[in-house]
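Protein chains in written order, with our numbering: chain U, 1431 to 1546; chain G, 390 to 502. Shown next, in structure tokens, is the structure this report addresses.
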Amino acid sequence: NAGVTQTPKFQVLKTGQSMTLQCAQDMNHEYMSWYRQDPGMGLRLIHYSVGAGITDQGEVPNGYNVSRSTTEDFPLRLLSAAPSQTSVYFCASSLYPSRDGDYEQYFGPGTRLTVT
Amino acid sequence: QQQVKQSPQSLIVQKGGISIINCAYENTAFDYFPWYQQFPGKGPALLIAIRPDVSEKKEGRFTISFNKSAKQFSLHIMDSQPGDSATYFCAASNQGGSEKLVFGKGTKLTVNP
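Structure follows, in structure tokens:
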């Protein structure tokens, strides 16, 4: 298994440009999520999905869109990039959580995005 | 409003020493408390996790201590090694598992040889 893969690894955008960060997993996980990591801020949840066709907002959703057409893929779209979106973005996946067990959330290697 | 407060921001420990990182939470509905380890340039990886029905969980050199009444939990790394040098994040969830995790701001641990 490749686990969770993210592309690209690095990206530089100009203010106002749009782009899509790709995320894919081959573990048949129902749950996928996107986080952003900023220095001294930890990881903050942007959007998440509990299965194909179902998405919901996290803590910092503004400026980002997601869709989940397949179990494997969960792309993150920046519609009009702003300097405040300069960050490292992580995608993660897990089996659907259950109170009966611990379901580890597997993180991808991240995408470092700079918006100038 | 920060739901999970983590301290210290940075920690320097000598090889063989004990590293202790503390977290406090406010939401009493939280029922899953994982710790993640992150090396530079990598994504976080689950280290150890605990649920509030136990007060302590140990895996090798890593132990979580949990105090439900004080709404606090901590990570203890025994016999710390230079290879443990990383950033550690505590987190919490009230969805029964890893869904919608709320993370602390992280602790950068440096273990000197």
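We treat Cβ as the ideally placed atom computed from N, Cα and C, and that holds for glycine.
Identify whether residue i lies in helix, strand or coil by the three-state DSSP scheme.
i, result
"residue 1486 (chain U)", "strand"
"residue 473 (chain G)", "helix"
"residue 1514 (chain U)", "helix"
"residue 1541 (chain U)", "strand"
"residue 455 (chain G)", "strand"
"residue 1466 (chain U)", "strand"
"residue 1449 (chain U)", "strand"
"residue 401 (chain G)", "strand"
"residue 445 (chain G)", "strand"
"residue 1481 (chain U)", "strand"
Going by the CB atoms, is the gap between residue j and residue i shorter than 9 Å?
i, j, result
"residue 1506 (chain U)", "residue 1496 (chain U)", "yes"
"residue 1466 (chain U)", "residue 1434 (chain U)", "no"
"residue 490 (chain G)", "residue 464 (chain G)", "no"
"residue 428 (chain G)", "residue 499 (chain G)", "no"
"residue 1493 (chain U)", "residue 1514 (chain U)", "yes"
By the 10 Å Cβ neighbour count, where 16 or more other Cβ atoms means buried, how is residue i classified, buried or exposed?
i, result
"residue 444 (chain G)", "exposed"
"residue 1445 (chain U)", "exposed"
"residue 1512 (chain U)", "exposed"
"residue 1442 (chain U)", "exposed"
"residue 1522 (chain U)", "buried"
"residue 494 (chain G)", "buried"
"residue 438 (chain G)", "buried"
* **Residues within the segment 454–478 of chain G neighbouring chain U, beta-carbon criterion of under 8 Å** => 478
TODO: Give the residues from the segment 1467–1489 of chain U that approach chain G closer than 8 Å (Cβ to any Cβ), ordered along the chain.
DONE: 1470, 1471, 1472, 1473, 1474, 1475, 1478, 1480, 1488 and 1489
- Query: If we count Cβ pairs, one from each stretch, closer than 8 Å, do we get three or more for the segment 1498–1505 of chain U versus the segment 416–423 of chain G?
  - Reply: no
Are the segment 402–418 of chain G and the segment 453–467 of chain G touching by the rule of at least three beta carbon pairs closer than 8 Å? yes
**Request:** For the segment 1440–1456 of chain U, enumerate the residues whose C-beta is nearer than 9 Å to any C-beta of chain G, in chain order.
**Result:** none
- Residues in the segment 1493–1515 of chain U having any Cβ partner in chain G nearer than 8 Å: none
Output needed in chain order: residues of the segment 392–404 of chain G with a Cβ under 9 Å from some Cβ in chain U. 393, 395 and 398
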